[in-house]
Amino acid sequence: MADNNSTANSATSHTHNSPNNTPPSSLNPPFTPLNLPSLTHTLNIKNSVPIELTYTNYLNWKKIITKFLGSQKLLPLVDGTLPRPDDDHPQLENWIQCDDLVQSWIHAILSLPLLETLFNHDCTSATQVWDTLNQLFMDHTQPTRIGLLKDLKPIISYHIRP
261 MADNNSTANS ATSHTHNSPN NTPPSSLNPP FTPLNLPSLT HTLNIKNSVP
311 IELTYTNYLN WKKIITKFLG SQKLLPLVDG TLPRPDDDHP QLENWIQCDD
361 LVQSWIHAIL SLPLLETLFN HDCTSATQVW DTLNQLFMDH TQPTRIGLLK
411 DLKPIISYHI RP
């Protein structure tokens with residue numbers, strides 16, 4: 261019996277402390293998209309993001325997809341804060357799987373003309389897909405706003421005059 265107790269005490273001491281007395285919580289890997297449960301992979305993106313990206317709704321689409329990716333803890337894959345690990349990194353396979361998932365989700369909610377345009381850019385990561393879409397739309401949005409403001413200035417001035 262003494263042997264069983266000493267074995268149990270030994271096992272207990274190892275579960276509470278590592279050999280260097282570091283608490284187990286500090287040994288756990290940080291919670292990242294790479295540690296997500298497989299449930300994430302079964303989600304139908306079209307149920308969560310009800311609009312398809314077209315040439316006219318980028319800003320609204322971006323708000324919805326950003327919230328969705330944030331809720332899945334996958335936003336770091338598109339905003340560049342979780343870059344691809346080195347080829348010998350133990351999480352590389354998980355990173356590729358998550359990145360492919362995000363790319364697939366984005367592709368699934370693009371209009372066919374936009375999907376074809378995106379494929380012409382040969383994006384190889386979710387970050388590249390995200391940046392390419394942002395460039396396609398935001399590069400055109402600013403000149404359009406400036407042009408609209410220029411066109412509206414005489415109308416606004418007319419209606420605001422004292």
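The opening residue of the sequence shown carries number 261 in this note's numbering; numbering runs sequentially from there.
We treat Cβ as the ideally placed atom computed from N, Cα and C, and that holds for glycine.
Query                                                                                                                                                                        : Result
May I ask you to report which of helix, strand or coil DSSP gives L370?                                                                                                      : strand
With 16 as the cutoff for other CB atoms within 10 Å, does L334 come out buried or exposed?                                                                                  : buried
Looking only at C-alpha atoms, which of L329, D346, L372 sits nearest to T314?                                                                                               : L372
Below 7 Å between beta carbons: does that hold for L337 and A386?                                                                                                            : yes
What are the start and end residues of the alpha helix (DSSP H) that includes Y315?                                                                                          : Element bounds for Y315: n/a, residue is neither H nor E.
Give me, in chain order, the residues of the same chain whose beta-carbon lies closer than 8 Å to that of I311; leave out the 5 immediate sequence neighbours on both sides. : N317, N320, W321, I324, I369
Answer with buried or exposed for Q332, where buried requires no fewer than 16 other C-beta atoms within 10 angstroms of its C-beta.                                         : buried
Buried or exposed: which applies to I415, given that a residue is buried once 16 or more other Cβ atoms fall within 10 Å of its Cβ?                                          : exposed
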